[in-house]
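Numbering (the numbering used here), first residue to last: 3 to 330.
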């Protein structure tokens with residue numbers, strides 16, 4: 003069986019704890035904000051929503067499967083009930099789970115999401131798994147690589163080695179926190195990347211630069227080897243650069259006030275990858291990615307409101323006149 007997309011990374015269960023008795027303190031420039039609750043007190047919360055089988059790569063797998071691509075997932079989970087809940091969630095979303103590894107005696111990652119207004123602060127803990135690249139009888143058309151925890155550099159090298167042996171496999175790379183920290187050690191992966199995704203602040207960290215000009219940042223990411231560079235910038239929209247040029251794409255208007263922004267970036271990146279895999283030009287695919295992002299923030303968790311291909315095209319048909327890709 004040849005997969006259209008093989009998503010690789012870590013997964014977790016997210017417990018969304020909706021706070022109401024909290025506040026946000028920021029510095030004079032409205033930066034370096036902190037979520038604050040009363041210390042040493044009983045703090046009421048409004049609700050808890052538990053969402054299994056999430057994380058950047060798992061979210062991407064669900065997005066690609068919902069868009070009609072034959073999508074498999076390579077993640078490690080524990081042999082606990084939480085792992086079983088993750089497997090059931092992926093199967094219900096049409097994701098192929100044959101390559102999921104259940105490690106005996108290990109726990110499945112479990113994160114706590116402190117959800118205040120439309121933003122979230124996540125308490126994370128990554129279990130130490132025995133990562134190894136799977137034996138694949140047929141090379142996938144795409145590998146989608148995203149967040150992995152610390153101590154996984156050898157695993158990344160295995161992936162890079164596989165791509166060297168199989169240059170026909172295209173890589174979509176959406177680096178997570180620890181991957182950004184070790185970006186210098188991952189130069190082989192950037193060199194093999196068809197597409198790289200990050201936000202503006204992440205691009206500055208990857209490039210060790212304080213540059214703010216988007217075209218320079220895009221060119222810097224492409225200079226690492228990625229054929230297509232995509233950088234998001236919050237409410238300022240998203241930007242893409244290929245060898246043919248660069249474009250900016252605005253946010254899609256929110257149909258209603260956002261409920262939770264968790265998974266918005268994952269939706270943009272994975273949806274764009276899926277449409278490129280289906281033959282669409284990058285700047286047009288990015289428009290579809292932004293649409294799916296606008297839908298995702300209307301629900302709790304990163305997967306509930308992911309759209310099908312037909313639904314995305316319905317949103318696109320109703321787009322405002324200024325929702326276009328503009329050359330930079």
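Glycine included, each C-beta is placed from N, C-alpha and C at the ideal position.
Item	Value
Do you know offhand how far residue 248's Cα is from residue 200's?	16 Å
I'd like the span of the alpha helix (DSSP H) that includes residue 208, first residue to last.	202-209
When the Cα of residue 51 is compared with those of 15, 24, 325, which residue comes out closest?	15
Output the residue ranges of the beta strand (DSSP E) runs that lie fully inside the stretch 95-152 and measure 3 residues or longer, sorted by chain position.	103-105, 112-118, 121-125, 144-147
Comparing C-alpha positions only, which one of 3, 250, 226, 228 sits nearest to residue 234?	250
Give me the Cβ distance between residue 158 and residue 138, rounded to the nearest whole Å; I'm assuming they're in contact under 8 Å.	Rounded, the Cβ-Cβ distance is 17 Å, inconsistent with contact.
What are the partner residues of residue 243, as DSSP defines its beta bridges?	231, 248
In angstroms, rounded to a whole number, what distance separates the CA positions of residue 178 and residue 186?	14 Å
Under the rule that 16 or more other beta-carbon atoms within 10 Å means buried, what is residue 142, buried or exposed?	buried
Quick one: does residue 201 have its CB under 8 Å from some CB of chain B?	The structure shown contains no chain B; it holds only a single protein chain.
Residue 196: buried (16+ other C-beta within 10 angstroms of its C-beta) or exposed?	buried
DSSP on residue 75, reduced to helix/strand/coil?	strand
Would you call the stretch 54-68 and the stretch 89-107 touching, i.e. three or more CB-CB distances under 8 Å?	yes
Taking 7 Å as the limit between beta carbons, can you name the residues of its chain near residue 3, skipping five residues before and five after?	140
Where does residue 328 sit, in a helix, a strand or coil, going by DSSP?	strand
Determine contact between the stretch 266-280 and the stretch 293-309, defined as no fewer than three beta-carbon pairs at a distance below 8 Å.	yes
Rounded to the nearest angstrom, what separates residue 290 and residue 316 at their Cα positions?	11 Å
Out of curiosity, what's the CA-to-CA distance linking residue 13 and residue 102?	10 Å
Using the C-alpha atoms, what's the distance from residue 131 back to residue 125?	19 Å
What residue from 240, 320, 113, 330 has the CA that sits closest to residue 53's CA?	113
How is the alpha helix (DSSP H) around residue 267 delimited, first residue to last?	266-279
Would you decide whether residue 58 is buried or exposed? Buried here means 16 or more other CB atoms lie within 10 Å of its CB.	buried
On a CA-only basis, which of 300, 253, 99 is nearest residue 120? Give me that one, please.	300
Which residues mark the beginning and the end of the alpha helix (DSSP H) in which residue 297 is found?	284-298
So, with DSSP's three-state summary, where would you put residue 4?	coil
Quick check on the DSSP output: the beta strand (DSSP E) that includes residue 172 runs from which residue to which?	172-175
In angstroms, rounded to a whole number, what distance separates the CA positions of residue 86 and residue 192?	34 Å
State the DSSP-derived secondary structure class of residue 190, mapped to helix, strand or coil.	helix
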